[in-house]
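Going by my numbering, the sequence shown opens with residue 248, and the numbers climb by one from there. From the three backbone atoms N, C-alpha and C, an ideal C-beta is built for every residue, glycine too. From a predicted model like this one, the values you see are computed outputs, not experimental measurements.
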Amino acid sequence: MKIRPKSPHRWASDITAVLRTVYGADRFPVDVKTVAREISHQKYPDDPITMIRGKELPGFEGALVPAPPGKTGWGILYNKATDSSGRINFTLGHELGHYLLHRLDYPQGFQCTSEDMSNWDSEYGQLEQQANTFAADLLMPFDDFRGQIGVWDRPALNDVGDCAARYDVSLTAALLRWLKYTSRRSVLVVSKDGFILWARSSKSALKSGLYYKTRNRPPIEIPGSSLAARRSLMVAHAGEAEHDRNVWLCTPCKEHVLFSDRYDLTLSLLHFDDRTVHPEPEEAPEEEAYDRMISRNLQSWLG
């Protein structure tokens with residue numbers, strides 16, 4: 248009987264169990280380089296990961312490459328020009344995911360540009376999503392994340408930033424991971440030059456009609472009364488404010504905002520109360536925000 252290959256979740260869960268046994272609570276941030284070398288040599292001694300290093304990779308964030316002819320094994324490369332350790336760490340996890348999940352079917356390895364990620368219906372796009380799922384599960388396991396921020400908590404950006412530091416990932420990656428499990432009605436909005444680039448809703452927010460659809464739609468202007476629209480009036484790079492129903496999605500909320508001059512982006516985390524019930528949307532928006540975010544189009548990450 249043919250043995251079914253492990254899923255991204257199962258691979259990450261198995262590795263996490265080992266790390267928990269060996270290191271306990273001190274296992275974060277996960278040392279992906281050590282994990283990659285040790286697990287590959289233990290599981291696949293004839294086909295291990297033998298090289299992990301930074302390299303100039305214009306247009307790429309990372310790559311999984313086979314050994315040169317006449318040699319065995321694999322190498323993981325990451326773009327050494329990247330100035331965010333969180334982005335590098337996620338890239339390493341992503342490439343380890345490719346190694347564990349896909350190397351046998353794709354012996355030529357993987358190199359991906361943001362253009363490769365534009366079509367999520369393609370087979371290649373699905374492979375990228377699987378590798379990212381593995382990386383997120385390995386670096387930010389839900390059980391530990393819930394121990395930092397509870398399912399009913401309403402975190403400020405600093406709170407999620409503490410988790411990003413704990414796991415050595417970007418702030419945006421940590422926010423999107425939190426939105427995956429929170430029971431709160433919350434929405435993440437990323438904007439630039441006064442328009443929404445993309446947005447991501449928690450499950451409870453989505454079910455109650457709190458979401459923005461941006462894919463294949465005309466640009467959506469950010470509300471003029473939002474903090475995101477008032478950068479010139481703010482001294483600091485971050486702030487928070489309570490809004491009535493006339494600002495975001497016709498519903499009262501609290502907005503936490505961060506202006507990133509480094510990436511020329513504005514990030515708004517919106518917390519809505521849990522008393523108002525909206526009808527469930529007839530057509531749920533695509534999972535475009537998370538998919539686009541973890542697609543290794545990492546230029547849009549806040550490090």
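Task: Member of Met298, Phe275, Phe307, Pro276 whose CA lies at the smallest distance from the CA of Glu285 - done: Met298
Task: Enclosing beta strand (DSSP E) for Arg432 [first to last residue] - done: 432-439
Task: Helix, strand or coil at Phe558 [DSSP, three-state] - done: Outside the displayed range of the chain (248 to 550) lies residue 558, so it cannot be described from this structure.
TODO: For the beta strand (DSSP E) holding Cys500, just list the boundary residues, first then last.
DONE: 500-507
TODO: Consult DSSP for Asn463 and reduce its assignment to one of helix, strand or coil.
DONE: coil
Task: Local conformation of Phe307 per DSSP, three classes - done: coil
- [ ] Would you mind working out which of Trp321, Asp520, Leu351, Glu308 sits nearest Ser451, comparing C-alpha positions?
- [x] Asp520
Task: From Asp278, Thr329, Leu304, His345, residue whose alpha carbon lies closest to that of Leu311 - done: His345
Task: Contacting residues, own chain, Cβ-Cβ under 7 Å from Ala259 (five flanking each side not counted) - done: Phe381, Asp384, Leu385
Task: Option in Glu308, Ile262, Ser449, Phe392 with minimal Cα separation from Asn326 - done: Glu308
- [ ] Kindly indicate which residue of Arg401, Ala412, Ala421 has the alpha-carbon position closest to the one of Lys501.
- [x] Arg401
Open item on the list: Is the separation between the beta-carbon of Gly333 and that of Val279 shorter than 8 Å?
Closed with: no
Task: Helix, strand or coil at Met248 [DSSP, three-state] - done: For Met248, the predicted structure reports a pLDDT of 43, less than 50, and the residue's modelled location is therefore unreliable. The matter cannot be settled from this model.
Open item on the list: With the cut-off set at 8 Å, would you say Trp445 and Val437 are in Cβ contact?
Closed with: yes
Open item on the list: Just verifying my parser: in three-state terms, what is the DSSP assignment at Asn326?
Closed with: strand
Open item on the list: Rounded to whole angstroms, what is the Cα-Cα separation between Ala488 and Gln355?
Closed with: 51 Å
- [ ] State the DSSP-derived secondary structure class of Leu514, mapped to helix, strand or coil.
- [x] strand
Task: Trp482 - DSSP class collapsed to helix/strand/coil - done: Reading the sequence as shown, one finds Val at residue 482 and not Trp. Three-state DSSP puts Val482 in coil, outside helix and strand.
Open item on the list: According to DSSP, is Thr297 part of a helix, a strand, or is it coil?
Closed with: strand
Open item on the list: Given this structure, state the Cα-to-Cα distance separating Arg300 from Arg492, to the nearest angstrom.
Closed with: 50 Å
Task: Proximity test, Asp440 beta-carbon vs the ligand GTP heavy atom, cut-off 7 Å - done: The model on display carries no ligand, and the ligand GTP is accordingly not part of it.
Open item on the list: For a test of the three-state rule: what should DSSP assign to Ala475, helix, strand or coil?
Closed with: helix
Task: Rounded C-alpha distance that separates Gly322 from Tyr291 - done: 14 Å
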